[in-house]
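A.B. asks: Letter 112 of the sequence shown, counting from 1, is numbered 269 in the working numbering, and no numbers are missing.
Provided herewith is a single structure, encoded as structure tokens, for subsequent inquiry.
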Amino acid sequence: MTGSWLSGEIIDTPEARLRVYHRPARVRPDGGRRWVIFYHGACGNKDMWRNQYDQFPDCDLVFVDVRGQGASTMKDGKLPDFEGAISDVDRIMDHFHMEQAALVGHSWGGNPLQEYTFRTPQRVKALVIIGTWGQHRKRPTSEKIMQKSSGFIYRFIPWRMMSKLSAKACSKDKAVQQEIGDAIYASGRKVFLSLGFSAFAKVHDIDGYPANPPMLLVRGSDDFPKALSNIYGYLEEKNPRARQVVIDGAVHMPMLTKPAVFNKELGSFFDQVWNGS
Numbered sequence: 158m159t160g161s162w163l164s165g166e167i168i169d170t171p172e173a174r175l176r177v178y179h180r181p182a183r184v185r186p187d188g189g190r191r192w193v194i195f196y197h198g199a200c201g202n203k204d205m206w207r208n209q210y211d212q213f214p215d216c217d218l219v220f221v222d223v224r225g226q227g228a229s230t231m232k233d234g235k236l237p238d239f240e241g242a243i244s245d246v247d248r249i250m251d252h253f254h255m256e257q258a259a260l261v262g263h264s265w266g267g268n269p270l271q272e273y274t275f276r277t278p279q280r281v282k283a284l285v286i287i288g289t290w291g292q293h294r295k296r297p298t299s300e301k302i303m304q305k306s307s308g309f310i311y312r313f314i315p316w317r318m319m320s321k322l323s324a325k326a327c328s329k330d331k332a333v334q335q336e337i338g339d340a341i342y343a344s345g346r347k348v349f350l351s352l353g354f355s356a357f358a359k360v361h362d363i364d365g366y367p368a369n370p371p372m373l374l375v376r377g378s379d380d381f382p383k384a385l386s387n388i389y390g391y392l393e394e395k396n397p398r399a400r401q402v403v404i405d406g407a408v409h410m411p412m413l414t415k416p417a418v419f420n421k422e423l424g425s426f427f428d429q430v431w432n433g434s
């Protein structure tokens, strides 16, 4: 899909200049607006959602180049982090005069949206996370140990090599691997580490969600199935309106590699959220 909206617009914040892309709804059956905000994963950009650009015609879609990534730039040499990405949700919603929005986050992008849902329930219509390692959970000791060792690896292994290895874990599709690897490499080591470690440092257990919004928990069948199933199972226990969806044959990028199935699941979820169908 092409259109003038793909040029985007700038939201100026104290720390960053966010570039956001508003794809207007083509139909508004009830006369109101159904807003959806999309956050890509670490070191990505809006084009990770290109197979969704032409979907969900009754929704106003806002694709975000998350701060410090894609065409969104940081000011004064600052690095993007978890808390900044959370605060940007309010700025995006205020910019477009949204009262509520459904939030869709892939991988790392799901973490700030999950935390925003916990902190600001009155503005969240629904939440979708895809391949997200859960901001709300109990972290096992083994994971904490693994994080320390991976921190060493990510700091000292040549960055081109690490970019390729990270991309290889995202998809079986060579073209997608190349795209993801190039995006990670271009973002740089400092950005990658700042995003990851600032989110991991804030992982916490919860008793439940204040408003229990509808939640769709999406994962590829080949994307760390045991770990993500456990993380998503925990969220289902905390929120009776959360449910898992597994996309067969996908790894970490189902919106790119299995778009027909992914879009059908997302469309059905949006219908339930807004129409109760």
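Even for Gly, the Cβ is constructed at its ideal location relative to N, Cα and C.
Starting from LYS282, trace the beta strand (DSSP E) in both directions and tell me its first and last residue.
C.D. replies: Your numbering for residue 282 matches position 125 in the sequence shown. Segment 281-287, the beta strand (DSSP E) holding LYS282.
A.B. asks: For TRP206, which residues from the same chain have a beta carbon less than 6 Å from its beta carbon, with the 5 sequence-adjacent residues on both sides left out?
C.D. replies: For the purposes of this step, residue 206 is taken as residue 49 along the sequence shown, with counting starting at 1. Cβ neighbours of TRP206 beyond the five flanking positions: PHE195, PHE220.
A.B. asks: Using a Cβ cut-off of 8 Å (strictly closer), state whether GLY338 contacts chain D.
C.D. replies: Among the protein chains of the structure shown there is no chain D, as only one such chain exists.
A.B. asks: So, for ASP215: in the same chain, excluding its five sequence neighbours on each side, which residues have a beta-carbon less than 7 Å away from its beta-carbon?
C.D. replies: The count along the sequence shown starts at 1 and reaches residue 215 at position 58. Here the set comprises ALA182, VAL184, ARG185, PRO186, ARG191.
A.B. asks: How is HIS179 classed by DSSP in three states: helix, strand or coil?
C.D. replies: The residue labelled residue 179 in the question sits at position 22 within the sequence shown. Reduced to three states, the DSSP call for HIS179 is strand.
A.B. asks: Between the beta-carbon of CYS327 and the beta-carbon of HIS409, is there less than 8 Å?
C.D. replies: By 1-based counting over the sequence shown, the position of residue 327 is 170. By 1-based counting over the sequence shown, the position of residue 409 is 252. Result yes, Cβ atoms of CYS327 and HIS409 sit closer than 8 Å.
A.B. asks: Strictly by DSSP, which residues pair up with GLU166?
C.D. replies: Numbered from its first residue, the sequence shown carries residue 166 at position 9. DSSP output for GLU166 lists VAL177 as bridge partner(s).
A.B. asks: Can you tell me where the beta strand (DSSP E) with LEU260 in it begins and where it stops?
C.D. replies: By 1-based counting over the sequence shown, the position of residue 260 is 103. It spans 258-263 - the beta strand (DSSP E) in which LEU260 sits, taken as one unbroken run.
A.B. asks: Check for me: the alpha helix (DSSP H) holding TRP431 runs from which residue to which?
C.D. replies: Sequence index remark: in the sequence shown, residue 431 carries index 274 (1-based). Looking at the DSSP string, the run of the alpha helix (DSSP H) that includes TRP431 is 416-432.
A.B. asks: Compute the beta-carbon to beta-carbon distance between TYR366 and ASN387, rounded to the nearest angstrom, for a pair I have assumed lies under 8 Å.
C.D. replies: On the sequence shown, position 209 is the one that residue 366 refers to. On the sequence shown, position 230 is the one that residue 387 refers to. With 8 Å as the limit, TYR366 and ASN387 do not qualify as a contact, their Cβ atoms being about 18 Å apart.
A.B. asks: Distance, Cα to Cα, GLU394 vs TRP290?
C.D. replies: Within the sequence shown, numbered from 1, the residue matching residue 394 stands at position 237. Within the sequence shown, numbered from 1, the residue matching residue 290 stands at position 133. Near 16 Å, if we compare the C-alpha coordinates of TRP290 and GLU394.
A.B. asks: Would the beta-carbon of LEU423 fall within 8 Å of that of SER351?
C.D. replies: Your numbering for residue 423 matches position 266 in the sequence shown. Your numbering for residue 351 matches position 194 in the sequence shown. No.
A.B. asks: Please name the residue, chosen from ASP330, PRO416, GLY201, GLU272, that lies closest to ALA358 on a Cα-to-Cα basis.
C.D. replies: Locating residue 358 in the sequence shown gives position 201, where the first residue counts as 1. Here the closest residue by C-alpha is GLU272.
A.B. asks: Pick from MET318, LEU218, ILE341: whose alpha carbon is nearest that of TRP162?
C.D. replies: Within the sequence shown, the letter at position 5 stands for residue 162. TRP162 has its Cα closest to that of LEU218, out of MET318, LEU218, ILE341.
A.B. asks: Going by DSSP, what residue range makes up the beta strand (DSSP E) through PHE195?
C.D. replies: Numbered from 1 along the sequence shown, position 38 holds the residue referred to as residue 195. For PHE195, the uninterrupted beta strand (DSSP E) segment begins and ends at 192-196.
A.B. asks: Inspect the beta-carbon positions of ASN285 and LEU373 and report whether they are closer than 8 Å.
C.D. replies: As a working mapping, residue 285 is identified with position 128 in the sequence shown. As a working mapping, residue 373 is identified with position 216 in the sequence shown. Position check: residue 285 holds Val in this sequence, whereas Asn was assumed. In contact: VAL285 and LEU373 (Cβ atoms closer than 8 Å).
A.B. asks: If you draw a straight line from the C-alpha of THR274 to the C-alpha of PHE381, how long is it?
C.D. replies: In the sequence shown, the residue the question calls residue 274 occupies position 117. In the sequence shown, the residue the question calls residue 381 occupies position 224. It is roughly 24 Å from the alpha-carbon of THR274 to the alpha-carbon of PHE381.
A.B. asks: Count the other C-beta atoms from every protein chain shown that fall within 10 angstroms of the C-beta of HIS293, then say buried if there are 16 or more, exposed otherwise.
C.D. replies: On the sequence shown, position 136 is the one that residue 293 refers to. It counts as buried.
A.B. asks: Is it true that the CB of MET250 sits closer than 8 Å to the CB of ARG276?
C.D. replies: Working through the sequence shown from its first residue, we reach residue 276 at position 119. Working through the sequence shown from its first residue, we reach residue 250 at position 93. Cβ distance not < 8 Å, so ARG276 and MET250 don't count as in contact.
A.B. asks: For SER355, which of GLU240, GLN209, ASP169 has the nearest alpha-carbon?
C.D. replies: Taking the sequence shown and counting its residues from 1, one reaches residue 355 at position 198. The shortest C-alpha separation from SER355 is found at GLU240.
A.B. asks: Beta-carbon separation of GLY266 and GLY338 under 8 Å?
C.D. replies: In the sequence shown, counting from the first residue as 1, residue 266 sits at position 109. In the sequence shown, counting from the first residue as 1, residue 338 sits at position 181. Cβ distance not < 8 Å, so GLY266 and GLY338 don't count as in contact.
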